[in-house]
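The numbering of the sequence shown is the working numbering, which starts it at 19 and goes up by one. Positions of the beta carbon are idealized from the N, C-alpha and C atoms, including for glycine. Here the structure comes first, spelled out in structure tokens, and everything after it is commentary.
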Amino acid sequence: MAVAIAVSAALILISMALVWVHLRSLRGLPTAEADPARHRFGRRQFRRRVLASGIIGMIGIAILASPFVLDPTAPVFGYYWLALLVSVALLFGLALLDLWDSHVYFRELRRQLWLAREAALTDSGPTDDAC
19 MAVAIAVSAA LILISMALVW VHLRSLRGLP TAEADPARHR FGRRQFRRRV
69 LASGIIGMIG IAILASPFVL DPTAPVFGYY WLALLVSVAL LFGLALLDLW
119 DSHVYFRELR RQLWLAREAA LTDSGPTDDA C
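The following block contains the structure:
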């Protein structure tokens, strides 16, 4: 019981700390007028990460309830494990979605930087650097 309380408290505190960090990072986003792509990406990332942090907190609450539900004869035993399994699957899915969205965003950013570099090299004209 003490281990369940300790793990539960740790998960809930971690969840609250993560939400606070995400809220602070949201304030640091550029405005939609200044950098629309970065703003959209930051808002999507914020939503996913706050949802994931909330799920971590819900798992912590579920672990706190575990001593009352882990009796296999309890009527909610199956629902409890199903809810935990779905929560962990959602957490994993959100992590994969965040990974994919970050990959797509930074790939586009690299492409734009490459195009800008190519344009700058083309505009500068040929150089005679032969030694």
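Buried or exposed, going by whether 16 or more other CB atoms sit within 10 Å of the CB of residue i?
| i | result |
| --- | --- |
| A70 | buried |
| Q130 | exposed |
| F59 | buried |
| R128 | exposed |
| S26 | buried |
| H77 | According to the sequence displayed, residue 77 carries Ile and not His. I77 should be labelled buried. |
| R67 | buried |
Express the C-alpha separation of residue j and residue i in angstroms, rounding to a whole number.
| i | j | result |
| --- | --- | --- |
| L44 | L100 | 33 Å |
| F124 | P85 | 45 Å |
| D116 | D53 | 20 Å |
| L160 | L102 | As displayed, the chain neither begins before 19 nor continues past 149, which places residue 160 out of reach and without an answer. |
| L64 | E126 | With the sequence shown as reference, residue 64 is identified as Phe, and Leu is not the correct amino acid for it. C-alpha separation (whole angstroms): 19 Å. |
| I30 | W118 | 27 Å |
Taking Cβ positions, are residue i and residue j nearer each other than 8 Å?
| i | j | result |
| --- | --- | --- |
| H57 | L47 | yes |
| V104 | V94 | no |
| S33 | G96 | no |
Does the beta carbon of residue i fall short of 7 Å from some heavy atom of the ligand COA?
| i | result |
| --- | --- |
| A22 | Among the components modelled here there is no ligand, and therefore nothing to report on the ligand COA. |
Once you ignore the five residues that flank residue i on each side, which residues in its own chain have a CB closer than 7 Å to its CB?
| i | result |
| --- | --- |
| A22 | I81, L82, S84 and P85 |
| I73 | S105, L108 and L109 |
Who are the Cβ neighbours of residue i in its own chain at under 8 Å, not counting the five residues just before and after it?
| i | result |
| --- | --- |
| A28 | G78 |
Inset, instruction - Only counting runs of 3 or more residues, tell me where the beta strand (DSSP E) segments fall wholly within the stretch 46-116, in order along the chain. - result: For the beta strand (DSSP E) assignment, the stretch 46-116 encloses no uninterrupted run of at least 3 residues.
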